[in-house]
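Q: Following this message is one structure expressed as structure tokens.
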Amino acid sequence: MEAMITILTPTYNRRRELQKLYDSLKRQINKSFIWYIVDDGSTDGTDKTVKSFQRENCVPIQYKKKKNGGKHTALNLAIPDIETELTMIVDSDDCLTADATQTIFEDWLKNCESNIAGMVYLRGYSGFEVIGDMWPYEEQFGNCITHTWNKGIKGDKAEVYRTDILKQYPFPVFRREKFLSEACVWIEIAKTHNVFMKNKIIYIGEYLPDGLTRSGRKMQMQNPKGAMCNAKAYMWRTFCLKIKMKNAILYNCYGLQARKSLGELWKESPNRLLTTLGLLPGMVLRKKWRKYGKRRRYER
């Protein structure tokens with residue numbers, strides 16, 4: 001069967017965790033996929049582990065290695081290469097349920113002509129325990145801004161996007177920064193495209209203690225331009241006031257951490273009124289969080 005989906009996995013020094021994801025891919029009911037691993041400069045022998053997977057010839061694997069630059073730069077390198085109709089980003093320390101690709105395959109065949117950007121499913125701690133919240137309906141079409149964020153639906157979701165859409169929205173890259181939340185691109189897509197949303201767990205995540213989810217504040221303060229870019233995205237006009245105000249404060253906090261002048265913050269803001277109102281709280285927050293932005297000498 002010709003592959004319909006690329007499972008895209010950026011990885012950095014996660015050689016041991018890759019085994020669990022690999023095992024979950026071998027268990028897939030539907031084999032219509034390619035596993036594309038982008039090695040972001042690993043030094044733990046990831047390349048040898050991937051070669052051992054390839055020798056087994058159980059799953060079609062594409063592998064590329066690059067200089068370390070962060071997950072978003074690995075995605076930017078890989079996405080232009082992808083030829084399958086759909087792409088799903090799966091982190092190296094997570095895995096998929098056995099029916100994940102079959103679910104995606106069936107739902108796409110039913111909905112591919114509806115001009116959606118892709119499909120969004122649930123993540124779980126297991127196949128039965130949902131991470132965050134479910135949507136109010138088992139299945140629905142809608143916009144992620146109005147149907148997820150504005151409704152207060154919490155928790156990471158499992159996104160499957162049309163590859164041609166992803167190619168139109170590369171992740172911003174900032175000099176000397178290695179972290180950027182993927183949300184800024186998902187928001188850009190949501191400004192003009194709807195998705196199909198389904199209350200079904202297809203993605204299992206563990207959230208390792210040294211993973212990005214647990215170290216979010218530190219990562220944001222040490223990569224303030226990317227964090228500022230993300231806060232700007234959440235200030236888009238269709239977000240509810242609560243979200244926009246919160247991110248106006250974060251925009252100022254991260255902007256000041258990035259050594260932006262007040263004039264630059266005001267000029268670059270998508271909502272100057274809220275930026276002005278959020279300036280003082282942003283200053284206070286930056287002072288409180290400044291300790292997270294300090295890097296040890298070997299991290300520079």
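Okay, so the sequence shown: first residue is 1 according to our numbering, each after it adds one.
By construction, the Cβ of each residue, glycine as well, lies at the ideal position given by its N, Cα and C atoms.
Pick out the complete beta strand (DSSP E) segments inside the stretch 195 to 276, 3 residues or longer, and give them in chain order.
A: For the stretch 195 to 276, whole beta strand (DSSP E) runs of length 3 or above, ordered along the chain, are 195 to 204.
Q: By a C-beta neighbour count over all protein chains shown, 10 Å radius and 16 as the cutoff for buried, is residue 273 buried or exposed?
A: Residue 273 sits at position 273 when you count from the first residue of the sequence shown. By the neighbour-count rule (16 or more Cβ atoms within 10 Å), residue 273 is not buried but exposed.
Q: Output the distance between the C-alpha atoms of residue 64 and residue 77, rounded to the nearest integer angstrom.
A: Residue 64 sits at position 64 when you count from the first residue of the sequence shown. Residue 77 sits at position 77 when you count from the first residue of the sequence shown. The alpha-carbon atoms of residue 64 and residue 77 are separated by roughly 9 Å.
Q: Can you look up residue 173 in the DSSP assignment and give me helix, strand or coil?
A: One-based indexing of the sequence shown puts residue 173 at position 173. Here residue 173 sits in coil by DSSP.
Q: Decide if the stretch 114 to 125 is in contact with the stretch 195 to 204; the criterion is three or more beta carbon pairs, one per stretch, under 8 Å apart.
A: These segments touch.
Q: Would you mind sorting residue 168 into buried or exposed? The rule is 16 or more other CB atoms within 10 Å of its CB.
A: Here residue 168 refers to the residue found at position 168 of the sequence shown. Exposed, because fewer than 16 other Cβ atoms sit within 10 Å of the Cβ of residue 168.
Q: Count the other CB atoms, across all protein chains shown, that sit within 10 Å of the CB of residue 181; report buried if there are 16 or more and exposed otherwise.
A: Start at 1 with the first residue of the sequence shown, and residue 181 comes out as number 181. Its Cβ being crowded by 16 or more others within 10 Å, residue 181 is buried.
Q: Residue 107 lies in the alpha helix (DSSP H); which residues open and close that run?
A: Along the sequence shown, one-based indexing puts residue 107 at 107. Per DSSP, residue 107 belongs to the alpha helix (DSSP H) from 100 to 111.
Q: Count the other CB atoms within 10 Å of the CB of residue 90; is the residue buried (16 or more) or exposed (fewer)?
A: Here residue 90 refers to the residue found at position 90 of the sequence shown. Buried, by the Cβ-count rule.
Q: Using the beta-carbon count (16 or more within 10 Å), is residue 118 buried or exposed?
A: Locating residue 118 in the sequence shown gives position 118, counting from the first residue. Buried.
Q: My output table needs one value for residue 162: the three-state DSSP class, helix, strand or coil.
A: If you number the sequence shown from 1, residue 162 lands on position 162. DSSP places residue 162 in strand when its eight states are reduced to three.
Q: Going by Cα to Cα distance, which pick from 257, 292 and 149 is closest to residue 218?
A: For the purposes of this step, residue 218 is taken as the residue at position 218 of the sequence shown. With distances taken between Cα atoms, residue 218 lies closest to 292.
Q: Let's test the definition: count the other Cβ atoms within 10 Å of the Cβ of residue 198 and tell me whether it reaches 16, buried, or not, exposed.
A: Residue numbering aside, residue 198 sits at position 198 when the sequence shown is read from its first letter. Buried, since its Cβ has 16 or more Cβ neighbours within 10 Å.
Q: Between which two residues does the alpha helix (DSSP H) containing residue 119 stretch?
A: Locating residue 119 in the sequence shown gives position 119, counting from the first residue. Per DSSP, residue 119 belongs to no alpha helix (DSSP H); it is in the beta strand (DSSP E), 118 to 124.
Q: Based on the DSSP secondary-structure assignment, which residues constitute the bridge partners of residue 60?
A: Indexing the sequence shown from 1 puts residue 60 at position 60. For residue 60, which the question treats as bridged, DSSP gives no partner whatsoever.
Q: Would you grab the beta carbon distance between residue 96 and residue 25 for me? Rounded to a whole angstrom, and I think it's under 8 Å.
A: As a working note, residue 96 is residue 96 in the sequence shown. As a working note, residue 25 is residue 25 in the sequence shown. Contact holds; Cβ gap of about 7 Å.
Q: Grouping DSSP H, G and I as helix and E and B as strand, with all else coil, what is residue 82?
A: As a first step, residue 82 is located in the sequence shown; it is residue number 82 there, counting from the start. Three-state result, residue 82: coil.
Q: Can at least three beta-carbon pairs, one atom from the stretch 24 to 42 and one from the stretch 102 to 116, be found at a separation below 8 Å?
A: Flag = yes, the stretch 24 to 42 and the stretch 102 to 116 touch.
Q: Quick one, which of 126, 55 and 154 has its alpha-carbon nearest residue 136's?
A: Reading the sequence shown from its first residue, position 136 is the one you call residue 136. The shortest C-alpha separation from residue 136 is found at 154.
Q: Could you spell out the range, first to last residue, of the beta strand (DSSP E) harbouring residue 36?
A: Within the sequence shown, residue 36 is the residue found at index 36, counting from 1. That run of the beta strand (DSSP E) goes 33 to 39.
Q: Reducing DSSP to helix, strand and coil, say where residue 128 ends up.
A: On the sequence shown, residue 128 is found 128 positions in, with the first residue counted as 1. The answer is coil: DSSP assigns residue 128 none of H, G, I, E or B.
Q: So the candidates are 237, 282 and 266; which of them puts its Cα closest to the Cα of residue 252?
A: Within the sequence shown, the letter at position 252 stands for residue 252. Here the closest residue by C-alpha is 282.
Q: For residue 95, which beta-bridge partners are listed by DSSP?
A: For the purposes of this step, residue 95 is taken as residue 95 along the sequence shown, with counting starting at 1. Answer is 204, bridged to residue 95.
Q: Kindly indicate which three-state DSSP category residue 281 falls into: helix, strand or coil?
A: Position 281 of the sequence shown, counting from 1, holds the residue named residue 281. The answer is helix: DSSP assigns residue 281 an H, G or I state.
Q: In three-state DSSP terms, what is residue 17?
A: Here residue 17 is taken as the residue at index 17 of the sequence shown, counted from 1. Note: residue 17 maps to helix in three-state DSSP.
Q: Within 10 Å of its beta-carbon, does residue 47 have 16 or more other beta-carbons around it, so buried, or fewer, so exposed?
A: Position 47 of the sequence shown holds residue 47. Residue 47 comes out exposed.
Q: Please name the residue, chosen from 38, 86, 27 and 112, that lies closest to residue 59 on a Cα-to-Cα basis.
A: Counted from its first residue, the sequence shown places residue 59 at position 59. Answer by Cα proximity: 27.
Q: Identify whether residue 54 lies in helix, strand or coil by the three-state DSSP scheme.
A: Here residue 54 refers to the residue found at position 54 when the sequence shown is read from its first residue. Helix, per DSSP.
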